[in-house]
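Enquirer:
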Amino acid sequence: MTGASARALLVPIILVTGAIAWGLYRGRRIAWVAAIVTVVVGLAFALLTFRDFDFRDLQRVMGASEEEIALMGNIDIMPGLVGVWAATGLLWLVYLWWIRKYFRAPRTAAS
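Heads up: the sequence shown runs through residues 0 to 110, numbered per numbering that gives the first Met the number 0.
1) I need the boundaries of the alpha helix (DSSP H) containing M77, first residue and last residue.
2) Are the CB atoms of I19 and F54 within a distance shorter than 9 Å?
3) Quick check on DSSP: helix, strand or coil for F44?
4) Using 8 Å as the cut-off, can you tell me whether the segment 64 to 73 makes contact with the segment 27 to 46, which would need three or more C-beta pairs spanning the two stretches below that distance?
5) Determine the DSSP secondary structure at I74, reduced to helix, strand or coil.
6) Classify A69 as buried or exposed, calling it buried when 16 or more other Cβ atoms lie within 10 Å of its own Cβ.
Shown next as C-alpha coordinates:
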(Lines of atoms letter the chains of each structure in order from A and count residues from 1; the text may use other names and numbers.)
(Lines give C-alpha, C1' and ligand atoms only; values in the text may rest on other atoms or scores of the structure.)
Protein backbone atom coordinates (compact mmCIF):
# COMPACT_ATOMS: atom_id res chain seq x y z
CA MET A 1 0.00 0.00 0.00
CA THR A 2 1.39 3.38 -0.96
CA GLY A 3 0.32 6.98 -1.43
CA ALA A 4 -2.82 8.53 -0.03
CA SER A 5 -4.35 5.22 1.05
CA ALA A 6 -1.29 4.41 3.17
CA ARG A 7 -1.33 7.88 4.71
CA ALA A 8 -5.07 7.57 5.40
CA LEU A 9 -4.45 4.29 7.21
CA LEU A 10 -1.92 5.99 9.47
CA VAL A 11 -4.57 8.30 11.00
CA PRO A 12 -6.52 5.58 12.84
CA ILE A 13 -3.26 3.85 13.79
CA ILE A 14 -2.01 7.10 15.33
CA LEU A 15 -5.30 7.61 17.19
CA VAL A 16 -5.39 4.05 18.55
CA THR A 17 -1.75 4.00 19.66
CA GLY A 18 -2.18 7.46 21.18
CA ALA A 19 -5.21 6.25 23.14
CA ILE A 20 -3.28 3.19 24.32
CA ALA A 21 -0.33 5.35 25.39
CA TRP A 22 -2.64 7.70 27.29
CA GLY A 23 -4.35 4.74 28.97
CA LEU A 24 -0.99 3.26 29.97
CA TYR A 25 0.03 6.62 31.41
CA ARG A 26 -3.20 6.69 33.42
CA GLY A 27 -2.62 3.11 34.64
CA ARG A 28 -5.66 1.60 32.90
CA ARG A 29 -5.68 -2.19 32.70
CA ILE A 30 -7.61 -2.15 29.42
CA ALA A 31 -4.77 -0.12 27.86
CA TRP A 32 -2.25 -2.69 29.09
CA VAL A 33 -4.27 -5.49 27.46
CA ALA A 34 -4.67 -3.41 24.28
CA ALA A 35 -0.89 -2.84 24.22
CA ILE A 36 -0.26 -6.58 24.35
CA VAL A 37 -2.80 -7.22 21.58
CA THR A 38 -1.28 -4.42 19.49
CA VAL A 39 2.24 -5.82 19.85
CA VAL A 40 1.13 -9.37 19.00
CA VAL A 41 -0.94 -8.30 15.98
CA GLY A 42 1.74 -5.87 14.75
CA LEU A 43 4.43 -8.50 15.12
CA ALA A 44 2.35 -11.09 13.27
CA PHE A 45 1.70 -8.68 10.40
CA ALA A 46 5.36 -7.67 10.21
CA LEU A 47 6.63 -11.26 10.23
CA LEU A 48 4.10 -12.37 7.63
CA THR A 49 4.83 -9.35 5.43
CA PHE A 50 8.62 -9.58 5.52
CA ARG A 51 8.90 -13.38 5.53
CA ASP A 52 8.80 -13.73 1.73
CA PHE A 53 9.50 -10.11 0.80
CA ASP A 54 12.04 -9.27 -1.92
CA PHE A 55 14.42 -6.50 -0.86
CA ARG A 56 14.75 -5.29 -4.47
CA ASP A 57 10.99 -4.78 -4.68
CA LEU A 58 11.13 -2.75 -1.49
CA GLN A 59 13.87 -0.58 -2.97
CA ARG A 60 11.82 -0.02 -6.14
CA VAL A 61 8.79 1.07 -4.12
CA MET A 62 11.03 3.47 -2.18
CA GLY A 63 12.18 5.03 -5.46
CA ALA A 64 15.62 3.51 -6.00
CA SER A 65 16.79 3.39 -9.60
CA GLU A 66 17.58 0.10 -11.31
CA GLU A 67 21.25 1.09 -11.29
CA GLU A 68 21.22 1.52 -7.52
CA ILE A 69 19.43 -1.79 -7.10
CA ALA A 70 22.00 -3.51 -9.33
CA LEU A 71 24.86 -2.02 -7.27
CA MET A 72 23.44 -3.65 -4.17
CA GLY A 73 23.90 -7.06 -5.73
CA ASN A 74 22.33 -9.98 -3.95
CA ILE A 75 22.18 -8.43 -0.50
CA ASP A 76 19.45 -10.17 1.43
CA ILE A 77 18.71 -8.35 4.66
CA MET A 78 15.20 -9.72 5.07
CA PRO A 79 16.13 -12.67 7.33
CA GLY A 80 17.96 -10.27 9.60
CA LEU A 81 15.08 -7.80 9.49
CA VAL A 82 12.62 -10.53 10.44
CA GLY A 83 14.92 -11.48 13.32
CA VAL A 84 15.09 -7.89 14.55
CA TRP A 85 11.29 -7.55 14.36
CA ALA A 86 10.83 -10.81 16.25
CA ALA A 87 13.35 -9.86 18.94
CA THR A 88 11.85 -6.39 19.34
CA GLY A 89 8.33 -7.78 19.64
CA LEU A 90 9.47 -10.35 22.17
CA LEU A 91 11.22 -7.66 24.23
CA TRP A 92 8.06 -5.53 24.21
CA LEU A 93 5.99 -8.48 25.41
CA VAL A 94 8.49 -9.27 28.18
CA TYR A 95 8.44 -5.61 29.26
CA LEU A 96 4.64 -5.44 29.21
CA TRP A 97 4.49 -8.63 31.27
CA TRP A 98 7.03 -7.19 33.72
CA ILE A 99 4.97 -4.02 34.32
CA ARG A 100 1.65 -5.88 34.67
CA LYS A 101 1.64 -5.36 38.45
CA TYR A 102 0.87 -1.69 37.85
CA PHE A 103 -2.27 -2.56 35.89
CA ARG A 104 -4.16 -4.85 38.26
CA ALA A 105 -7.94 -4.65 38.30
CA PRO A 106 -9.13 -2.37 41.11
CA ARG A 107 -10.30 -4.14 44.22
CA THR A 108 -13.89 -3.82 45.29
CA ALA A 109 -15.14 -3.33 48.84
CA ALA A 110 -16.22 -7.00 48.98
CA SER A 111 -12.70 -8.28 48.20
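Yeah, the Cβ is synthetic: ideal placement off N, Cα and C, and Gly gets one too.
What you are looking at is a predicted structure, and each value in this text was computed from that prediction instead of being measured.
Expert: Let's see:
1) For the purposes of this step, residue 77 is taken as the residue at position 78 of the sequence shown. Residues M77 to W97.
2) Working through the sequence shown from its first residue, we reach residue 54 at position 55. Working through the sequence shown from its first residue, we reach residue 19 at position 20. Not a contact, by the Cβ cut-off of 9 Å.
3) Counting from one through the sequence shown, the residue named residue 44 turns up at place 45. It is helical.
4) no
5) Translated into positions along the sequence shown, residue 74 becomes position 75. The answer is coil: DSSP assigns I74 none of H, G, I, E or B.
6) As a first step, residue 69 must be located in the sequence shown, where it is residue number 70. When all chains shown are included, A69 counts as exposed.
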